[in-house]
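Visitor: Got a structure here, written out as structure tokens. Questions coming.
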Amino acid sequence: MTHHLDESVAEPAPPFEPVEPVRIGDPGRAFDAVKPKLDQRFPDVPAYVVDADQVHDDRGGTGLALRAASVRGLSHRFYGTVRQDAYARMLSEDGRYLVACVADGVSACEYSHLAAEIVTRAGCQNLVEQLAAVPPEKLDWLLVLEKLVSRTVSAAQGIAHRNGDVPLGTDPREAGRYLASTALFAVIDLETGDDGEHTAHVVTLGDTSAWLLTPAADVAWTPLQHVKNSDSVVASSATAAIPVVPAVAPEAVIARFGPGSALVLMTDGVGDALGNGTGEVGAFLSRCWATPPTPLNFAAQVDFARRSYDDDRTALAVWPSAGS
84 MTHHLDESVA
94 EPAPPFEPVE
104 PVRIGDPGRA
114 FDAVKPKLDQ
124 RFPDVPAYVV
134 DADQVHDDRG
144 GTGLALRAAS
154 VRGLSHRFYG
164 TVRQDAYARM
174 LSEDGRYLVA
184 CVADGVSACE
194 YSHLAAEIVT
204 RAGCQNLVEQ
214 LAAVPPEKLD
224 WLLVLEKLVS
234 RTVSAAQGIA
244 HRNGDVPLGT
254 DPREAGRYLA
264 STALFAVIDL
274 ETGDDGEHTA
284 HVVTLGDTSA
294 WLLTPAADVA
304 WTPLQHVKNS
314 DSVVASSATA
324 AIPVVPAVAP
334 EAVIARFGPG
344 SALVLMTDGV
354 GDALGNGTGE
364 VGAFLSRCWA
374 TPPTPLNFAA
384 QVDFARRSYD
394 DDRTALAVWP
404 SAGS
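First residue of the sequence shown: 84, per this note's numbering; consecutive thereafter.
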């Protein structure tokens with residue numbers, strides 16, 4: 084048998100840049116010391132969810148690059164408890180609007196991860212149904228909240244029945260002992276105005292927050308709601324949450340953003356560390372999110388380590404992008 088040497092030159096391997104853990108300032112000892120534990124009660128809930136997409140209107144014109152990540156926080160990893168944040172995104176039936184939601188399950192309630200899932204999925208679905216009949220400025224936000232309250236109360240009744248607890252009535256406050264969640268919705272027009280900007284209608288309940296990020300501006304981060312604890316001497320963890328909602332729906336904030344900026348929705352796991360956006364965390368994320376990062380890098384950046392910030396983290400961001 085004759086053997087022939089392969090004299091062809093092998094192509095060099097492409098460069099590999101691993102996604103490394105991100106540290107901002109002092110990461111704290113827990114970042115390296117915590118050994119994550121699985122929550123045996125809810126083994127089907129993943130610790131990490133990563134998402135990326137490119138969304139265009141039917142004309143294939145200017146669209147949006149989307150990145151999202153939801154990460155179990157250090158505290159939940161240490162105690163072996165489930166991630167309670169969630170997010171969802173859907174398109175309206177006519178393909179014109181992107182509907183997005185992030186939600187933060189209240190950690191004091193054992194089943195709040197279910198509340199966050201209800202809020203994000205059912206909330207987005209209700210908005211999609213409404214958008215089939217009315218434009219964003221005519222959306223009935225109180226109806227959205229009422230339907231989410233009903234779904235959450237029903238879920239609590241089912242949990243109480245399965246647990247053999249005293250049957251629950253229809254009082255949202257009773258249901259809130261089992262599960263509760265904040266909510267942040269954005270309805271974003273994929274068609275731009277004459278100025279080349281997208282319009283977003285944003286509604287917040289609780290301490291989830293929406294921001295316009297413009298890295299080249301003197302002030303990179305512009306909040307679309309009151310900044311949590313910005314006027315408090317002592318920080319507070321109290322927050323409004325479904326199923327206990329105000330009788331009047333929160334007012335929608337209208338925001339416009341174009342090339343060179345981004346709309347970022349986040350839970351307080353990111354927002355508390357961001358503060359008013361002028362500190363170390365704000366500067367770091369502004370640099371990283373000046374343009375859409377790769378999906379895994381975005382997740383690593385959301386999962387940054389910083390002393391004393393150990394809550395679940397969720398962020399969903401969209402950047403204007405050229406068509407097709």
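C-beta atoms are modelled at their ideal positions from N, C-alpha and C, and glycine is treated no differently.
1. Sort A373, D351, P333 by Cα distance to Y64 and report the nearest one.
2. In whole angstroms, what is the alpha-carbon distance linking F268 and L149?
3. Taking C-alpha atoms, which residue in L226, N380, G279, E220 lies nearest to S404?
4. If contact is defined by three or more beta carbon pairs under 8 Å, each pair taking one atom from either stretch, is the region 254-272 in contact with the region 343-360?
5. With DSSP collapsed to three states, give me the class of D278.
6. I'd like the ranges of any alpha helix (DSSP H) spanning at least 4 consecutive residues and lying wholly in the region 182-225.
7. Do E200 and Y261 come within 8 Å of each other at the CB atom, strictly closer than that value?
8. Can you grab the Cα-Cα spacing for the pair D177 / A299, in whole Å?
9. Among G358, G341, Y170, S369, which has the Cα closest to the Cα of L273?
10. Leaving out the 5 sequence neighbours to the left and right, which residues in its chain are closer than 6 Å to I107 when beta-carbon positions are compared?
11. What does DSSP give as the partner residues of I35 in its beta bridges?
12. Alpha carbon to alpha carbon, how far is P119 from A205?
13. Cα separation between D248 and V236?
14. Count the other CB atoms, across all protein chains shown, that sit within 10 Å of the CB of V102; report buried if there are 16 or more and exposed otherwise.
15. If you draw a straight line from the C-alpha of V331 to the C-alpha of K221, how long is it?
16. I think R155 touches A183, with their Cβ atoms under 8 Å apart; what is that distance to the nearest whole Å?
17. Hey, would you say A239 sits closer than 8 Å to L251, going by beta carbons?
18. Relative to the C-alpha of L399, which candidate in D136, A116, A113, V128 has its C-alpha closest?
19. Applying the 10 Å Cβ sphere with the 16-neighbour rule, what's the burial state of E100?
20. Spatial neighbours of K230 within its chain, please: C-beta separation below 6 Å, excluding the five flanking residues on both sides.
21. Could I get the ranges of all uninterrupted alpha helix (DSSP H) runs contained in the region 136-166, with 4 residues as the minimum, in chain order?
22. So which of A116, R112, E334, A186 has the shortest CA-CA distance to D395?
23. With a floor of 3 residues, list each beta strand (DSSP E) that falls wholly inside the region 317-368, ordered by position along the chain.
24. I need the boundaries of the beta strand (DSSP E) containing R172, first residue and last residue.
25. What is the rounded straight-line gap between the Cα of E334 and the Cα of R172?
26. If I follow the unbroken beta strand (DSSP E) through V310, where does it start and stop?
Guide: Considering the structure as presented:
1. Shown here, the chain extends from 84 to 407; a query on residue 64 therefore has no answer.
2. 15 Å
3. G279
4. yes
5. coil
6. 195-214
7. no
8. 34 Å
9. G341
10. E363, V364, F367, F387, R389
11. In the structure as shown, the chain starts at 84 and stops at 407, and residue 35 therefore has no counterpart that could be examined.
12. 30 Å
13. 15 Å
14. exposed
15. 15 Å
16. Actually they do not touch by this definition, with Cβ atoms about 21 Å apart.
17. yes
18. D136
19. exposed
20. N209
21. 157-162
22. A186
23. 336-340, 345-349
24. 168-174
25. 21 Å
26. Where V310 is concerned, there is no enclosing beta strand (DSSP E), given that its DSSP letter is neither H nor E.
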